[in-house]
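*Asks:* Chains C, R and X are the protein sequences, given in the same order. Here the first sequence stands for residues 1 to 401, where the numbers follow the working numbering. Here the second sequence stands for residues 402 to 796, where the numbers follow the working numbering. Here the third sequence stands for residues 797 to 1193, where the numbers follow the working numbering. Where is the CB? At the ideal position from N, CA and C, for every residue including glycine.
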Amino acid sequence: MKRRSFLYIALGAVFGAGILAGCSGGGSSESGGGTGTTATGDSIKIGLVASLNGDQRPWGVDSERGVRLLVDQINEAGGVNGKKIELLVGDSNSDPQIGKSATEKLISDGAVVVLGEVASGITAQMAIACTEKGIPLVAIGATRDDISDKGPDIFRVCYRDSFQGPVMAKFAFEELGLKRVALMTDKKIPYSTGLSNSFRDYYAMLGGEIVDEQFYEGGASTQFNAQLTNLKGKNPDGVFLSGYFTEVGPIVRQASQVGLTNVKFMGGDGWDSKEIINSGGEAIVGGYFCNHYSDQEDRPEVKAFLDAFVAKYNERPGTTMGALAYDAAAVAVEAIKAVTGDVSSKSVAGALHNLENYKGVSGDITFKGQGGNPPKRALVVELQADGTQKPVKAYAPTDVK
Amino acid sequence: MDLGTAFAAGLQLDFANLPQQLVNGILLGSIYALIALGYTMVYGVLRLINFAHGEVFMLGAYMALFVSWWLGYSPTATTLGQSSWVNLLMMLVASMVVCAIIGMLIELFAYRPMRSQPRIASLITAIGVSLMLQYAGALFLPNSPPQPIREEINPYRNEVLQIPLKPRDTTFIEKIKVEEAEFNAAEAAVKARMETEGVKSEFDLSPEGRLLRETRNDERNDVTNMKSEYERSGVSLLIPYGQLIMFVTALALMLILRHIVMNTKPGRAMRAVSLDFDSASLMGVNVNRIVTLTFAIGSALAGAGAMMSATFLGLSLTTFFGVQPGVKAFVAAVLGGIGNIPGAVLGGLLMGVAETLVVWSGYGDYKDAIAFVILIAVLLFRPGGLLGSSKVEKV
Amino acid sequence: MKYWPTRVVSILAGLGACFLISAAADASGNDYTKRLVVLAGVWVILSVSLNLINGITGQFSIGHAAFWQVGAYSAGIISVQHYANSGITGLPWLLLMMVAGAIFAALAGLVVGLPSLRLRGDYLAIVTLGFGEIIRIIVQNQKPLGEAYGMNVSPKFQFTWLVWLTAFAAIAICRNLLKSAHGLPFLAVREDEVAASAMGVNVTRVKVTAFLIGSALAGVAGALFAHYEGFISPQQFRMEQSFIILTMVVLGGTGSITGSVLAAVALFYLPEKLRDMGPVTGGQLLAGTFATVLAVYLVKRVIDHFHGTKKEAAIRHLGIVLGCMALSFVLSIVLNQVPVLASARYEAEKLRMVIFSGVLIILMLVRPQGLLGHAEFSWEWLKRVLGQRRSEAAQTS
Chain C
1 MKRRSFLYIA
11 LGAVFGAGIL
21 AGCSGGGSSE
31 SGGGTGTTAT
41 GDSIKIGLVA
51 SLNGDQRPWG
61 VDSERGVRLL
71 VDQINEAGGV
81 NGKKIELLVG
91 DSNSDPQIGK
101 SATEKLISDG
111 AVVVLGEVAS
121 GITAQMAIAC
131 TEKGIPLVAI
141 GATRDDISDK
151 GPDIFRVCYR
161 DSFQGPVMAK
171 FAFEELGLKR
181 VALMTDKKIP
191 YSTGLSNSFR
201 DYYAMLGGEI
211 VDEQFYEGGA
221 STQFNAQLTN
231 LKGKNPDGVF
241 LSGYFTEVGP
251 IVRQASQVGL
261 TNVKFMGGDG
271 WDSKEIINSG
281 GEAIVGGYFC
291 NHYSDQEDRP
301 EVKAFLDAFV
311 AKYNERPGTT
321 MGALAYDAAA
331 VAVEAIKAVT
341 GDVSSKSVAG
351 ALHNLENYKG
361 VSGDITFKGQ
371 GGNPPKRALV
381 VELQADGTQK
391 PVKAYAPTDV
401 K
Chain R
402 MDLGTAFAAG
412 LQLDFANLPQ
422 QLVNGILLGS
432 IYALIALGYT
442 MVYGVLRLIN
452 FAHGEVFMLG
462 AYMALFVSWW
472 LGYSPTATTL
482 GQSSWVNLLM
492 MLVASMVVCA
502 IIGMLIELFA
512 YRPMRSQPRI
522 ASLITAIGVS
532 LMLQYAGALF
542 LPNSPPQPIR
552 EEINPYRNEV
562 LQIPLKPRDT
572 TFIEKIKVEE
582 AEFNAAEAAV
592 KARMETEGVK
602 SEFDLSPEGR
612 LLRETRNDER
622 NDVTNMKSEY
632 ERSGVSLLIP
642 YGQLIMFVTA
652 LALMLILRHI
662 VMNTKPGRAM
672 RAVSLDFDSA
682 SLMGVNVNRI
692 VTLTFAIGSA
702 LAGAGAMMSA
712 TFLGLSLTTF
722 FGVQPGVKAF
732 VAAVLGGIGN
742 IPGAVLGGLL
752 MGVAETLVVW
762 SGYGDYKDAI
772 AFVILIAVLL
782 FRPGGLLGSS
792 KVEKV
Chain X
797 MKYWPTRVVS
807 ILAGLGACFL
817 ISAAADASGN
827 DYTKRLVVLA
837 GVWVILSVSL
847 NLINGITGQF
857 SIGHAAFWQV
867 GAYSAGIISV
877 QHYANSGITG
887 LPWLLLMMVA
897 GAIFAALAGL
907 VVGLPSLRLR
917 GDYLAIVTLG
927 FGEIIRIIVQ
937 NQKPLGEAYG
947 MNVSPKFQFT
957 WLVWLTAFAA
967 IAICRNLLKS
977 AHGLPFLAVR
987 EDEVAASAMG
997 VNVTRVKVTA
1007 FLIGSALAGV
1017 AGALFAHYEG
1027 FISPQQFRME
1037 QSFIILTMVV
1047 LGGTGSITGS
1057 VLAAVALFYL
1067 PEKLRDMGPV
1077 TGGQLLAGTF
1087 ATVLAVYLVK
1097 RVIDHFHGTK
1107 KEAAIRHLGI
1117 VLGCMALSFV
1127 LSIVLNQVPV
1137 LASARYEAEK
1147 LRMVIFSGVL
1157 IILMLVRPQG
1167 LLGHAEFSWE
1177 WLKRVLGQRR
1187 SEAAQTS
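1) Is the separation between the beta-carbon of R/ALA539 and that of R/THR720 shorter than 8 Å?
2) Could you tell me whether the Cβ of R/LEU540 comes closer than 8 Å to any Cβ of chain X?
3) Would R/MET459 pass as a contact of X/VAL1150 if the rule is Cβ separation under 8 Å?
4) How is the alpha helix (DSSP H) around C/ALA325 delimited, first residue to last?
5) Using only the alpha-carbon positions, how far apart do X/SER871 and X/ALA1012 sit?
6) Please state whether DSSP places C/MET266 in a helix, a strand or coil.
7) When Cβ atoms are compared, which residues of the stretch 864-884 of chain X fall closer than 8 Å to chain C?
8) Check whether the stretch 847-863 of chain X and the stretch 1066-1078 of chain X are in contact - that is, three or more C-beta pairs closer than 8 Å.
9) Of all Cβ atoms in chain R, is any one closer than 8 Å to the Cβ of C/ALA220?
10) Could you give the C-beta distance for C/ALA182 and C/GLU217, rounded to a whole number, given that I count them as a contact under 8 Å?
11) If you draw a straight line from the C-alpha of X/GLN963 to the C-alpha of X/MET1035, how long is it?
12) Decide if C/GLU76 is buried, meaning its Cβ has at least 16 other Cβ atoms within 10 Å, or exposed.
13) State the Cα-Cα distance for the pair X/GLY1048 and X/VAL844, rounded to the nearest angstrom.
14) For X/GLU1068, which residues in chain R fall below 9 Å Cβ to Cβ?
15) Rounding to the nearest angstrom, what Cα-Cα distance links C/ILE336 and C/ILE128 in this structure?
16) For X/TYR1069 versus X/HIS1023, is the C-beta distance shorter than 8 Å?
17) Output the distance between the C-alpha atoms of R/THR695 and X/GLN1133, rounded to the nearest integer angstrom.
18) Residues in the stretch 1129-1161 of chain X with C-beta within 8 Å of chain C's C-beta atoms, listed in sequence order?
19) Would you decide whether X/GLU929 is buried or exposed? Buried here means 16 or more other CB atoms lie within 10 Å of its CB.
20) Kindly list, in the order they appear in chain C, the residues whose Cβ is closer than 9 Å to that of X/ALA1006.
21) Out of R/GLU609, R/SER523, R/ILE742, R/SER602, state which residue places its alpha-carbon closest to the alpha-carbon of R/MET671.
22) Could you work out which residues of chain R lie near C/GLY270, taking near to mean beta carbons separated by less than 8 Å?
23) Between C/LEU206 and chain R, is the shortest Cβ-Cβ distance under 8 Å, so that the two count as touching?
24) Is the CB of C/GLY174 under 8 Å away from at least one CB in chain X?
25) Taking the alpha carbon of X/MET947 as the reference point, which residue from X/SER824, X/ILE1028, X/VAL1117 has its own alpha carbon closest?
26) What would DSSP say about R/ASP605, mapped onto helix, strand or coil?
27) For R/VAL760 and chain C, any beta-carbon pair shorter than 8 Å?
28) Is C/LEU87 closer than 8 Å to C/ILE427 when the C-beta atoms are compared?
29) State the beta-bridge partners of C/PHE215 as determined by DSSP.
30) Assuming X/PHE1086 and X/LEU1058 are in contact, meaning their beta carbons sit under 8 Å apart, how far apart are those beta carbons, in whole angstroms?
31) Quick one: Cα of C/TYR244 to Cα of C/GLY270, how far?
32) Give me the residue from R/HIS454, R/PHE678, R/ILE550 with the minimum Cα distance to R/ALA697.
33) DSSP puts R/VAL561 in a beta bridge; with which residues?
34) Report, in whole angstroms, the separation of the C-beta atoms of X/ASP918 and R/ILE739, which I expect to be a contact under 8 Å.
35) Would C/GLY281 be called buried (16 or more neighbouring beta carbons within 10 Å of its own) or exposed?
36) How should C/PRO152 be labelled, buried or exposed, when 16 other C-beta atoms within 10 angstroms of its C-beta is the threshold for buried?
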């Protein structure tokens, strides 16, 4: 009897304490505008969120390699103002929810600036987390237009969907003289649907005709005969494949088998990989796509990057994200270098906003007065039989409007 | 306008493509059927959904990739010899053998200790094994960037079987020749212009040169249009040799399987175990050996499907490569009546044709949902699947 | 114990726990911790609600993420389109959205529940899986829902206590159902459908009710999740998530609500906790794997073949585990002498999902009935444990 009443009292106390604490805690919507982090000690922490597991892994691994390469280079050269850069990596498991958790963890571990992600969906979530804490975010491959609306300090080193699609549309219509183009879109990847949409709109505005659009799901499809047979029936001059190279290769290879020959294949930077030539085979030689840089360019940044990458990892970057991640880390470090006084999230964000004409691997990057979206040039390249990318035409941001 | 054409106009159906699409569907379905057989056999014997089957498929594809590298078709190789069917056969056998071994190992280490436990526990183990193979595989197997098997290993890559159903209009041949001559002239003009201007690429031409290039482009489009019109004047079925080989091999393997199950002693034992596990063991059937054999055969079939998909279709391999084919094949197995071997084949073919027809009708964005819609519809009317029995379990 | 006092104490303890969790999360001052606490609450709701369908009623559903998704998207789209002109703000609106999410998810549950009347076992499983995929693909093709990219949900509400209060409510609903006369038919259906129907149980009603309640709770979780995250995308509700919810239920012990709660929290935290692990060399990885496999094999042998007292068995388990840990340590030093193994490094972020799946397999092999089996937390159990302690203490003194 005595024991039971003791139990009641104890539980009552727990309840009372809980209510009191709960009332004071309460819930708040939109905390907004955090104070950020200040680097202390003899190292400056930068965070990277990448998909090291899950179906985005090839891009995640590549972006991790790119960032790590730059951080190691900086540290070997003595760091920034005598302080070492410490890289914290968080895995997003290809999932926006877990990506956000990883971001929160990096921030709570003291990251001054966060880099990543490749996929726009995950980046959107990271942008929300970073904005709430007042941490600047440098996105690597998120091309979706509305990412930068999430907060004042959201930067990216890639171009946007609303630029890449029109560039290819313009190239197809004016340079290749294609009047009838069909689209093939990966419905599962926001990148692909966004790119297809911007291509479609601009191409129609130029006066071209979109004859058909076929869909598939990345990872779920093995045979594309059905879509290709449909396309063939519509008699296009060219086909715009907005997905990743993992599906583009098989599609083009199978297209030649169902007799869809004599058409030009085009795509976006999702094509960039040393493996596309192996999966696409002979049929993809002569395909055009929009890229950030080409390994055939003679800019010193490209050469230096590729040499350093091969020296460290014994192979060339698997996707275009290697170079973009390297650039993202580079602009972050550049901004940290530019800071006078305490290295804090606020000062780094300020420095990023003032960054001008940084010579990146993927082209010149300027954030000053651009609200985080650097006006970048796009390079249309042609795939050669030996797998190299021959630069064909460069487009400045002002070329498509 | 009769109802049929009105309907066709509304949906924009292209009936000239229909025969080709049906063939496409059967080609697609044959691979589903091959993987589905593994699910259905394991289910028949153990009443277990082998969730790791898709990962066995993935490992089979990787095995084919490694053999192709060993044969000299590595991603970095520049000079490649003429391939032959022997190479393909070696890859096929290697994939099948390795998959069979992996299947047996999974059964031995993950499922056998669970056999006396509730089935749901084995199911979770299966999910665990499946996740393990995906994530641990990603640590050790080449997957970033995803690796394809080079097409040069397939000696039949440029050959296509053509079955004419309706002859083409031969008057187009002359017209095409005329167009091609015009195109060649325009092309020569562009080349000459590039010489005179001294530019390497046609994209660097001066405005006058660009006009020439535009004419050339228009001529090229005309040639393409004419050629495609010529092709569309007749109806013929196109079957790439690679996919034909896939279909024939799949068919042959299924017939061999049927022979094993129906006419051999282990096959009879397999059927006995599937009918009643405990009684079979009382009748002197070595149940463990039969279960191992079932896993080996089912996994070998998945290996064959994996090798052929990876080789002939040019797919890029990641360790998540097996998930979706696995799920599709699982649906096919249930559609046909899980545990029923002809059912798996029927289910696979039906799903292949259904998916293709959905794409044909212009709703390609719903292609991956149709399998499940059909499944639910069929199960509502035949709860045991198309060929399965739907007995209510007795008390 | 008397009925009413126990009741009141239970409710008070539950409520107190909710607010204590919330207060502790706030007090930590760390947004990462806070976020994990909230998401853990969401997973608890999901796993408890699936436990009702799967563990208590025995209907094999492996597409639970679909109901979660329906709840999240329906609440999300209503919020986006009608919040501004509704005139309702703050908590009442979120409560309204939770109801909306529950209603839509329950409708979805009805759609799936109806075929379940004719299907059993694995056929039902595949239908639920298929339903999940259909929902995902439909969402992926809708412009207003943001297609594959996802949808921004505004306003955002971040009430930690509400999530856990809902979790508590879900637990209470299931617990009361199970302990009252209304719950007996559910258990009867799980044990034997034919026999239950012969005893006069309305099997149809039981199954549909289970699906309705289970999916409605998942829908509430979806509404909370959507408004907490402020962004939802089809990627978050993929098939794998359904498997993880199912795993939580089975791992906790099929049918045990306590088990579902504990397993949900544990499985949610495990991959996050693994982020803190340092990098591992090839030698350590190999040694660790070998020692783990050996330990599992030996523990399994003890479980299957040893017939001593509980204490003796526990000592053996402890010995095996410690021995294997020592072995792993020694082996890793030896293996690290091999240059290839010593130079290969695996970062924790790449290993964490491998370890997660490994833990799943090991737990199922060693304890197939789940962590708690059918056992439940109850005051009687607590009293017994406390009582034992006390009597032991009395004996020794």
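*Replies:* Here's the rundown:
1) Against a cut-off of 8 Å, the Cβ pair of R/THR720 and R/ALA539 comes out as a contact.
2) For R/LEU540, the answer is yes, since a Cβ of chain X falls inside 8 Å of its Cβ.
3) Not a contact, by the Cβ cut-off of 8 Å.
4) Element bounds for C/ALA325: 321-338.
5) According to the sequence provided, residue 871 of chain X is Ala. The question's Ser does not apply to it. Using only the alpha carbons, I get a separation of about 12 Å.
6) Three-state DSSP puts C/MET266 in a strand.
7) Among the residues of the stretch 864-884 of chain X, none has a Cβ less than 8 Å away from any Cβ of chain C.
8) Touching, no, given that fewer than three Cβ pairs across the two stretches are closer than 8 Å.
9) Interface residue (Cβ-Cβ distance to chain R less than 8 Å): C/ALA220 is classified as such.
10) The Cβ separation is near 18 Å, so there is no contact.
11) Looking at the sequence itself, residue 963 of chain X is Ala, so the reference to Gln does not match. About 23 Å.
12) With fewer than 16 other beta carbons inside 10 angstroms of its own, C/GLU76 counts as exposed.
13) Computed Cα separation, rounded: 10 Å.
14) The contacting residues do not exist; X/GLU1068 stays about 16 Å from chain R at best.
15) Approximately 22 Å, taken between the alpha carbons.
16) The amino acid occupying residue 1069 of chain X in the given sequence is Lys; Tyr does not appear at that position. No; because the gap between Cβ atoms is not below 8 Å, this pair is not in contact.
17) Spanning the two alpha carbons is a distance of roughly 42 Å.
18) Taking 8 Å as the cut-off between beta carbons, the residues of the stretch 1129-1161 of chain X near chain C are GLU1143, GLU1145, LYS1146, ARG1148, MET1149, in sequence order.
19) Buried, since its Cβ has 16 or more Cβ neighbours within 10 Å.
20) Going along chain C, no residue has its Cβ under 9 Å from X/ALA1006, so there is no contact; the nearest lies around 27 Å.
21) When each option's Cα is compared against that of R/MET671, the closest is R/ILE742.
22) Within chain R, no C-beta atom comes nearer than 8 Å to that of C/GLY270; the closest sits roughly 12 Å away.
23) Closer than 8 Å: no.
24) One point to set straight first is that residue 174 of chain C is Glu, not Gly, in the sequence displayed. C/GLU174 does not count as touching chain X.
25) Of the candidates X/SER824, X/ILE1028, X/VAL1117, the residue whose Cα lies closest to the Cα of X/MET947 is X/ILE1028.
26) Look at R/ASP605 here: in three-state DSSP terms it is helix.
27) Cβ-Cβ to chain C under 8 Å: yes for R/VAL760.
28) Outside the displayed range of chain C (1 to 401) lies residue 427 of chain C, so it cannot be described from this structure.
29) DSSP links C/PHE215 through a beta bridge to C/THR185.
30) About 30 Å separates the Cβ atoms of X/PHE1086 and X/LEU1058, ruling out a contact at the 8 Å cut-off.
31) Straight-line measurement puts the Cα of C/GLY270 at about 4 Å from the Cα of C/TYR244.
32) The residue with the shortest Cα to Cα distance from R/ALA697 is R/HIS454.
33) R/VAL561 is bridged by DSSP to R/PRO641.
34) That belief holds up - the Cβ atoms of X/ASP918 and R/ILE739 are roughly 6 Å apart, short of 8 Å.
35) By the neighbour-count rule (16 or more Cβ atoms within 10 Å), C/GLY281 is buried.
36) Counting Cβ neighbours within 10 Å, C/PRO152 comes out exposed, since fewer than 16 surround it.
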